[in-house]
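The block underneath contains the structure these notes are about, expressed in structure tokens.
There are 2 protein chains.
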Amino acid sequence: MIDSKGVDAGLLQTRYRLTKQRAAILRALEDGAHLTAETIHERVRAALPAVSLGTIYRTLDILRAIGLVQVFAHGGAARYEAALDKHHHLVCASCSEIVNIPAPQIAALALSIAQDHRYSGVDAALVVTGRCARCAGLARNGASTTGG
Amino acid sequence: MIDSKGVDAGLLQTRYRLTKQRAAILRALEDGAHLTAETIHERVRAALPAVSLGTIYRTLDILRAIGLVQVFAHGGAARYEAALDKHHHLVCASCSEIVNIPAPQIAALALSIAQDHRYSGVDAALVVTGRCARCAGLARNGASTTGG
DNA sequence: CTCTCTGCAAAGCATTTGCACATTG
DNA sequence: CAATGTGCAAATGCTTTGCAGAGAG
Numbered sequence: 000m001i002d003s004k005g006v007d008a009g010l011l012q013t014r015y016r017l018t019k020q021r022a023a024i025l026r027a028l029e030d031g032a033h034l035t036a037e038t039i040h041e042r043v044r045a046a047l048p049a050v051s052l053g054t055i056y057r058t059l060d061i062l063r064a065i066g067l068v069q070v071f072a073h074g075g076a077a078r079y080e081a082a083l084d085k086h087h088h089l090v091c092a093s094c095s096e097i098v099n100i101p102a103p104q105i106a107a108l109a110l111s112i113a114q115d116h117r118y119s120g121v122d123a124a125l126v127v128t129g130r131c132a133r134c135a136g137l138a139r140n141g142a143s144t145t146g147g
Numbered sequence: 000m001i002d003s004k005g006v007d008a009g010l011l012q013t014r015y016r017l018t019k020q021r022a023a024i025l026r027a028l029e030d031g032a033h034l035t036a037e038t039i040h041e042r043v044r045a046a047l048p049a050v051s052l053g054t055i056y057r058t059l060d061i062l063r064a065i066g067l068v069q070v071f072a073h074g075g076a077a078r079y080e081a082a083l084d085k086h087h088h089l090v091c092a093s094c095s096e097i098v099n100i101p102a103p104q105i106a107a108l109a110l111s112i113a114q115d116h117r118y119s120g121v122d123a124a125l126v127v128t129g130r131c132a133r134c135a136g137l138a139r140n141g142a143s144t145t146g147g
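As they're listed, the protein sequences go chains S and V.
Take 0 as the starting number for the first sequence in numbering that gives the first Met the number 0 and just add one per residue.
Take 0 as the starting number for the second sequence in numbering that gives the first Met the number 0 and just add one per residue.
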């Protein structure tokens, strides 16, 4: 997986080349999780102003194929994060806060479901949606809760 | 919820009007599950040739807000289905077959996770991805598995 | 009759792609 | 040097929206 000293190792083990753009994208993914392609673009631009959004998408797609990156859809745009560990997500419907949750029991459940239906090569994604304490509090006061 | 004799009851209990377009959309949703907006459009057109895609989207959005319809994203386009019961999905990564799975234990797990993080009004969606037996078999023979 | 809905067509986002040039290994 | 990657900009696919006329209650 990704390691702070050897972020790039993953790529080096493939036919893909390690360009400065890709290294920057991997670094951006280390800093924050659940990032939008556009957010990643902004962050990468800090180091490499000329990088295009197209390159971000192409690279993220490669990283996902290799298994270095995990994607998860929320609110129109896809969210990307480094595939450090297997986890699921708890999302606030109001402010879109995203919390990682371990839920290790899901893996076994998914496997059992898959076997029942003769599916192989299984993966599972659980998304729990609700309202965080802060947003629930604001809602009680009748205030708008949209935003971060 | 939706009943074969009273599909429309849900709408009638709201401020929304029951138009022939909406009735047709509800009926299309009874027939098949996991439908794309475009598929629903085609089906509705059989009865009402002039219906526009825009109306399909507007209606589906209302039905979701009321709770008559459940959405679930897969492969670019959103999939819609009547909210008859709470269930989850098993999806074949090759042919995109979608199987409904009950997994009642998820609700309790989601609730417990939500409580841990002081979230309220919780809902959970589990998507299990894998390769169905047929696609796995075809893959073994080196044939293309896309489609179906 | 009033308020809501509809069709149409244009707009809006997120994402993908073709191409000529730049870069990596 | 050969193969792969990049920027740019146009194209795509799904979904949303403004508007004027049509229809529901």
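Beta carbons are placed, not taken as given, at the ideal position from N, Cα and C, and that holds for glycine.
Quick caveat, the model's predicted, so the values are computed rather than measured.
Return the bridge partner residues of L137/S from the DSSP annotation. DSSP, once it has assigned bridges, lists no residue as partnering L137/S.
Can you confirm whether the stretch 96 to 108 of chain S touches the stretch 39 to 47 of chain S when touching is taken to mean that 3 or more C-beta pairs between the two stretches lie within less than 8 Å? no
Alpha-carbon spacing of Y56/S relative to L17/V, whole angstroms: 43 Å
Rounded to the nearest angstrom, how far is the Cβ of V68/V from that of A81/V, given a contact under 8 Å? 6 Å
According to DSSP, is A23/S part of a helix, a strand, or is it coil? helix
Those residues which DSSP pairs with D122/S across a bridge: T128/V
Opposing strand residues paired with T35/S [DSSP bridges]: R78/S
Counting only beta-carbon separations shorter than 7 Å, does Y56/V have a partner in chain S? no
Report buried or exposed for T58/S, applying the criterion of at least 16 other Cβ atoms within 10 angstroms of its Cβ. buried
Let me see if you follow: with CB-CB separation under 7 Å, is H116/S close to chain V or not? yes
Could you give the distance in angstroms between the alpha-carbon of S119/V and the alpha-carbon of A138/V? 44 Å
Are the CB atoms of Y79/S and L34/S nearer to each other than 7 Å? yes
Indicate whether at least one CB of chain V lies closer than 7 Å to the CB of L89/S. yes
What first and last residue would you give for the beta strand (DSSP E) that runs through A72/V? 68 to 73
What residue from A22/S, V70/S, K19/S has the CA that sits closest to A32/S's CA? V70/S
Cβ-Cβ separation, V127/V to A113/S (assumed contact under 8 Å), whole Å: 6 Å
For H86/S versus P103/S, is the C-beta spacing smaller than 7 Å? no
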